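Down below is the structure, laid out as structure tokens.
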Amino acid sequence: MPRTMLNDKHWSKLRKIMRENKIYDKPNLRKTVEGILYRMRTGCPWRDLPSYFGSWNSVFQQFNRWSKKEKLMKIFKNLIEDPDLEWGFMDGT
639 MPRTMLNDKH
649 WSKLRKIMRE
659 NKIYDKPNLR
669 KTVEGILYRM
679 RTGCPWRDLP
689 SYFGSWNSVF
699 QQFNRWSKKE
709 KLMKIFKNLI
719 EDPDLEWGFM
729 DGT
């Protein structure tokens, strides 16, 4: 099993934002999102996506559809408006 990026807390927040952007919670949605994030993090070709995430072509097609409809940009903008500052640091200088 490849390392994933979303813990349950982050996934529940992201799932809510995705529903607001008309991306419905299907049984494999989390693995699809994790597959997209894995590919973005590693830079691997779509065809080399581990089978844990499902069919590489299905993950790619979903990414393509969301990109063309600008749903991913809307999600990113929502995340910017309500950032998770758990990992924020302040410079003491």
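Per my numbering, residue 639 is the first one in the sequence shown, and the count goes up by one each step. We treat Cβ as the ideally placed atom computed from N, Cα and C, and that holds for glycine. Computed from a predicted model, the values in this text were never measured in an experiment.
Taking all protein chains in view, the Cβ of T680 is surrounded by fewer than 16 other Cβ atoms within 10 Å, so the residue is classified as exposed. Rounded to the nearest angstrom, the gap between the Cα atoms of N716 and N666 is 22 Å.
When the Cα atoms are used, L687 and T642 turn out to be separated by approximately 13 Å. The DSSP-derived three-state label of E708 is coil. Residue environment: R677 is assigned as buried (16 or more neighbouring CB atoms within 10 Å of its CB, all protein chains considered). Residue environment analysis places Q699 among the exposed positions, since fewer than 16 neighbouring C-beta atoms fall within 10 angstroms of its C-beta. The beta carbon of N659 sits closer than 8 Å to the beta carbons of K709, K712, I713 and N716 from its chain, once the five residues preceding and following it are set aside; these are given in chain order.
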